[in-house]
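K.L.:
2 protein chains.
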Amino acid sequence: MPESAVVAQAVVRSGPRQPFGSRLAAAMADLGPLCVGIDPHPGLLSDWGLNDDVAGLERFSLTVVEAVATLAAAVKPQVALYERHGSAGMAVLERTLAAASDAGVLSIADAKRGDIGSTMAAYADAWLRDGSSLAADSVTLSPYLGFESLRPALDLADEYGRGVFVLALTSNPEGKSVQHVGGSESVARRIAEAAADENRRYAGTMGSVGLVVGATIGTALVDLGLDLNAVRGPILAPGLGAQGATPADLRATFGEAYPAVLATSSRGILAAGPAVAGLRSATEATRDGLLEG
Amino acid sequence: MPESAVVAQAVVRSGPRQPFGSRLAAAMADLGPLCVGIDPHPGLLSDWGLNDDVAGLERFSLTVVEAVATLAAAVKPQVALYERHGSAGMAVLERTLAAASDAGVLSIADAKRGDIGSTMAAYADAWLRDGSSLAADSVTLSPYLGFESLRPALDLADEYGRGVFVLALTSNPEGKSVQHVGGSESVARRIAEAAADENRRYAGTMGSVGLVVGATIGTALVDLGLDLNAVRGPILAPGLGAQGATPADLRATFGEAYPAVLATSSRGILAAGPAVAGLRSATEATRDGLLEG
């Protein structure tokens, strides 16, 4: 981290940030449990009349932030779709995250990073440290190297009032070959239990260590004995809308843990662009569906 | 992908590239089984008299490429240490990968990326498609979402003569909570078997689908019944030198699969910088140790 950037940020900071879980819980109480995915896929760029280049990427991203910032609890830029455009694409991601921060909406950088030791600490520096140009309110992490390998990110997130969402149980069929392995002590269950342990340090509020659990996993929570209610952290659930899950499905799938679910919709909302009014209507309709569902 | 970049690259390409596995096997036969990790950790930058900023990052990276390109079979930049400097750091990574290509040494972008569907395809675009500014000869991938979730990268790598290294079995103690789960059908064994299946499309030569297996895993291969010899792809083994494994350890750990092992050394070699002569001596000594070990 360049020292000058850290110093500049320290001057700008007005005081300690509240923990991410508290901030997200407040946003969900205020605006409802909807996260809008910012997924600038080539096909969507084309549908919006934009080129598949960094100018199109920036126009798309800033339009979504402008449209939904006051309506959704969070926005979730898909990092792969920026990385695809190289360092110039990552610069657009930096401006997108800054725009979200300026607009007052929480950000989830969907990066699915994971490594060990000082390398994991470097990923934590990138996504969770004040002064980093890529810092978001939270980041998604992948635990193939073990939940505990994510320790540098868990600790840095806590230090800065940021959060993480750890991949636990996904709805893609091939995910079972890793996540369901182990019977009553499945990999996914171990991840959920480790997140529950971790959230003990956030007493009296929603924890800052969330999980990613697919909205279309069906009965897998019951089959594997996962107690998401015990996690006490937010559950990021991709798969609402265009990807197949209805609000009623979410309530049925998550049961008692539903109040902690932050449902993510991407294409179902993004297809309503590029007009800001269309994006806002789609966001409101999706959110209302979740509140009523 | 910006179309202009794709066109420019198409003009430059002189013909179809040989498969990555063939190219790596040739390099290992020629130069020995050593990969030099390019790990610009803050502490190493300081030891080299460089600042922890993008100028220091670039100086460090290009010095390592210059020093070792004719001595090592491959170089492996650690992506997290570039991402830590934001988009400007990723631009340094682009220049580092270009320098490696210009110098004729194979590159392994140690990114540990993983996702599903069109998002995984976007990561494949970033690291494996001709015309991408981040394209490397190969990239490391993380399979928490299932080996088959990596399909877009497996197929794109094949199309462009590039390769992948999939995380299988690592030596960090917390890795066991995922990789060892499942008894005789452990997660790590499933990954190795899937890689073996995949390499069937590379007949008569080393396959382009490699695995990451820690150099200091001890008896885990035997304990879990992993047959790395059946994988027929390169085994990237971090942990040589400063991280604890000797050449003799590598031969004992990998047994019959040793000829496919590409041993990675980072700090043990990098600590000999910043002088190019020192880096070259350390690289030669490490390589000779592997050949004699």
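Note that the protein sequences, when read in sequence, are chains L and W.
Here the working numbering is used: the first residue of the first sequence is 1, the next is one more, and so on.
Here the working numbering is used: the first residue of the second sequence is 1, the next is one more, and so on.
Yeah, the Cβ is synthetic: ideal placement off N, Cα and C, and Gly gets one too.
Quick caveat, the model's predicted, so the values are computed rather than measured.
#1: Identify which residue in Asp130(W), Val64(W), Leu134(W), Ser184(W) has its Cα closest to the Cα of alanine 88(W).
#2: Please state whether DSSP places threonine 264(L) in a helix, a strand or coil.
#3: Roughly how far, in whole angstroms, is the beta-carbon of arginine 151(W) from the beta-carbon of leucine 128(W), given that I think they are within contact range, below 8 Å?
#4: For chain W, is any of its Cβ atoms less than 8 Å away from the one on arginine 165(L)?
#5: Cα separation between leucine 289(W) and leucine 71(W)?
#6: Serine 107(W) to alanine 74(W), Cα distance in whole Å?
#7: Applying the 10 Å Cβ sphere with the 16-neighbour rule, what's the burial state of glycine 49(W)?
#8: Enumerate in chain order the residues of its own chain whose CB-to-CB distance from arginine 267(W) is below 6 Å, with the five nearest sequence positions on each side excluded.
#9: Check whether the stretch 43-57 of chain W and the stretch 170-189 of chain W are in contact - that is, three or more C-beta pairs closer than 8 Å.
#10: Any beta carbon from chain W within less than 8 Å of glutamate 198(L)'s own beta carbon?
#11: Given a threshold of 16 other Cβ atoms within 10 Å of its Cβ, counted over all protein chains shown, does arginine 23(L) qualify as buried or as exposed?
#12: Could you give the residue range of the beta strand (DSSP E) that holds valine 212(W)?
#13: How many Å lie between glycine 56(L) and tyrosine 144(L) at the Cα?
#14: Where does leucine 291(W) land, buried or exposed, given buried means 16+ other C-beta within 10 angstroms?
#15: Can a CB atom of chain W be found closer than 8 Å to the CB of glutamine 18(L)?
#16: May I have the straight-line CA-CA distance separating alanine 26(L) from alanine 124(L), to the nearest angstrom?
#17: Starting from threonine 140(L), trace the beta strand (DSSP E) both ways and give me its first and last residue.
#18: Would phenylalanine 60(L) pass as an interface residue toward chain W - the criterion being a Cβ-Cβ separation below 8 Å?
#19: Is the number of C-beta pairs between the stretch 35-44 of chain W and the stretch 243-251 of chain W that are closer than 8 Å three or more?
#20: Comparing the C-beta of arginine 280(W) with each C-beta of chain L, is any distance below 8 Å?
#21: Give the interface partners of serine 177(W) over in chain L, defined as CB-CB distance under 7 Å, in chain order.
#22: Using a threshold of 8 Å, state whether the C-beta atoms of alanine 122(L) and arginine 113(W) are closer than that.
#23: Taking glycine 182(L) as the query, report the chain W residues whose CB atoms sit under 7 Å from its CB, ordered along the chain.
#24: Return no unless some Cβ of chain W is closer than 8 Å to the Cβ of isoleucine 116(L).
#25: List, in chain order, every chain L residue whose beta-carbon is nearer than 7 Å to that of valine 187(W).
#26: Evaluate the contact criterion for the stretch 192-211 of chain L versus the stretch 152-171 of chain L: three or more CB pairs, one atom per stretch, below 8 Å.
#27: Would you report the Cα separation of valine 213(W) and leucine 169(L), rounded to the nearest angstrom?
#28: Using only CA atoms, which one of Glu148(L), Asp158(L), Glu174(L) lies nearest to glutamate 174(W)?
#29: Between arginine 84(L) and chain W, is there a C-beta pair that is closer than 8 Å?
#30: Which bits of chain W does lysine 112(L) rub up against, with CB to CB less than 7 Å?
#31: Can you give me the Cβ contacts of tyrosine 258(W) inside the same chain, cut-off strictly under 8 Å, excluding the 5 residues immediately before and after it?
#32: Would you say tyrosine 258(W) reaches chain L, if we count a Cβ-Cβ gap shorter than 8 Å as a contact?
#33: From what residue to what residue does the beta strand (DSSP E) around aspartate 110(W) run?
#34: Could you check where the alpha helix (DSSP H) with proline 247(L) kicks off and where it finishes?
#35: Is leucine 236(W) near serine 265(W), with beta carbons less than 8 Å apart?
#36: Quick check on DSSP: helix, strand or coil for valine 36(L)?
P.N.:
The structure says:
#1: Closest option to alanine 88(W), Cα to Cα, is Leu134(W).
#2: Looking at threonine 264(L) - three-state DSSP - the assignment turns out to be strand.
#3: Contact flag wrong, Cβ pair sits at about 13 Å.
#4: It is worth fixing the name first, because residue 165(L) is phenylalanine in this sequence and not arginine. Judged by the 8 Å Cβ criterion, phenylalanine 165(L) is not in contact with chain W.
#5: For the record, residue 289(W) in the displayed sequence is glycine; it is not leucine. Each residue's alpha carbon lies about 13 Å from the other.
#6: Cα to Cα, serine 107(W) sits roughly 6 Å from alanine 74(W).
#7: exposed
#8: Ala242
#9: no
#10: Taking Cβ atoms only, chain W never reaches closer than 8 Å to glutamate 198(L), which makes this a no.
#11: buried
#12: 209-213
#13: If you take the alpha carbons of glycine 56(L) and tyrosine 144(L), they lie about 34 Å apart.
#14: So leucine 291(W) counts as exposed.
#15: no
#16: 25 Å
#17: Looking at the DSSP string, the run of the beta strand (DSSP E) that includes threonine 140(L) is 138-141.
#18: no
#19: no
#20: no
#21: Chain L residues near serine 177(W): Gly146, Phe147, Arg190.
#22: no
#23: Residues of chain W passing the Cβ test: Val181, Gly182.
#24: yes
#25: Val178, Val181, Val187
#26: yes
#27: 24 Å
#28: Of Glu148(L), Asp158(L), Glu174(L), the residue nearest in Cα terms is Glu148(L).
#29: yes
#30: Gly114, Asp115
#31: Leu250, Arg251
#32: no
#33: 106-113
#34: 247-254
#35: no
#36: The answer is strand: DSSP assigns valine 36(L) an E or B state.
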